[in-house]
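Residue numbering for the sequence shown follows the working numbering, beginning at 67 and increasing consecutively. Where is the CB? At the ideal position from N, CA and C, for every residue including glycine.
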Amino acid sequence: MDLGIAGLRVVVTAGASGIGLEIARAFAKEGARVVVCDVDAPALDALDSGLAGHVCDVSDRAAVDRFMHAALADLGGLDVLVNNAGIAGPTGRVDQIAPEDWDRTLAVDITGHFNVTRLAVPALKASANPSIIGLSSAAGRFGFPLRSPYAASKWAVVGFIKSLAMELGEFGIRANAILPGAVDGPRIRSVFEHKARERNQSVEEVQAQVLATTSLKRLIPPQHLATVAVFLASPLGASISGQAISVDGDTQMLV
């Protein structure tokens, strides 16, 4: 199927690995022009040919200013912004969390979205097919014990996206959030390993407990999230805005 996005100009934050890289690859495969940023310089050096990369920490406004100036110059405008950057944050009860760890999590996971979006909007207003996609999480609709900074920031992403949809709709800009569940990859493996140590269980036992709260009982391939992102940004998704779309195997709760 031709999604009609050849030549689309796309920025993906934290696009050098994991979910961000799969999203960048999916857009590029359909003929879009993609620029990514990431804090991981070696990962940027290893990017696929056809993907342009810049070092940038989205919590650093000066760095974001430099990145967006370069990206918009490279692309000659902007049609799609994918705010993917996020960190897992600390694990522990709220009274055990260091304030600086709380601040850092929110600085990346929600303020980073603001830092990039505010600079992207003027360029998006000039696009014939503009959209913003924010990566939230299943933790953006459930409570998540021992992960309050992460959950708070991911709920905030949904509120930010819904507000953007209302503010920017008059300019034809669509804004949607994707809420992944337990996505297969090194990041979720690290979470499972931490929980296993904490609970004195095996990694396999922890994974089984997590997946027991989903209907499909399996980890989510990151490519499935990329497919949804590309569809939302394509003309086929032209009537979808203000939505929080779960791609989580039908998760009922987080444990």
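- If you compare the alpha carbons of A304, V321, Q318 and L320 with that of A194, the shortest gap goes to A304.
- Nearest Cα to A154 within the set L172, N266, D106 and A112: L172.
- When secondary structure is reduced to three states using DSSP, S214 falls in the helix class.
- Secondary structure note for T79: its beta strand (DSSP E) is the uninterrupted segment R75 to T79.
- Going by C-alpha positions, P287 is about 28 Å away from R170.
- The DSSP-derived three-state label of G225 is helix.
- Assignment of beta-bridge partners to R255 by DSSP yields no partner.
- A109 and A82 do touch by the CB rule: their CB atoms are close to 4 Å apart, below 8 Å.
- The three-state reading of DSSP puts L141 in helix, counting H, G and I together.
- Leaving aside the five residues that flank F237 on each side, the residues in its chain whose CB is nearer than 6 Å to its CB run, in chain order, K191.
- The secondary-structure analysis by DSSP pairs A118 across a beta bridge with V101.
- For L185, the enclosing alpha helix (DSSP H) begins and ends at G178 to L190.
- Just so you know, the alpha carbons of G142 and H290 end up roughly 29 Å apart.
- Segment contact: the segment 213-233 against the segment 155-163, three or more CB-CB distances shorter than 8 Å; contact assigned.
- A straight-line Cα-Cα distance of about 7 Å links R284 and G315.
- DSSP, reduced to helix, strand and coil, places A243 within a strand of the structure shown.
- Taking each of V146, G206 and S202 in turn and checking the Cα distance to P188, the smallest one comes out for V146.
- The Cβ atoms of V269 and F258 sit closer than 8 Å to each other.
- R99 sits close to G73, with the two beta carbons spaced by under 8 Å.
- A278 and A128 have their alpha carbons spaced roughly 44 Å apart.
- When the Cα atoms are used, H179 and G152 turn out to be separated by approximately 9 Å.
- Only exposed fits D111, as fewer than 16 other CB atoms lie within 10 angstroms of its CB.
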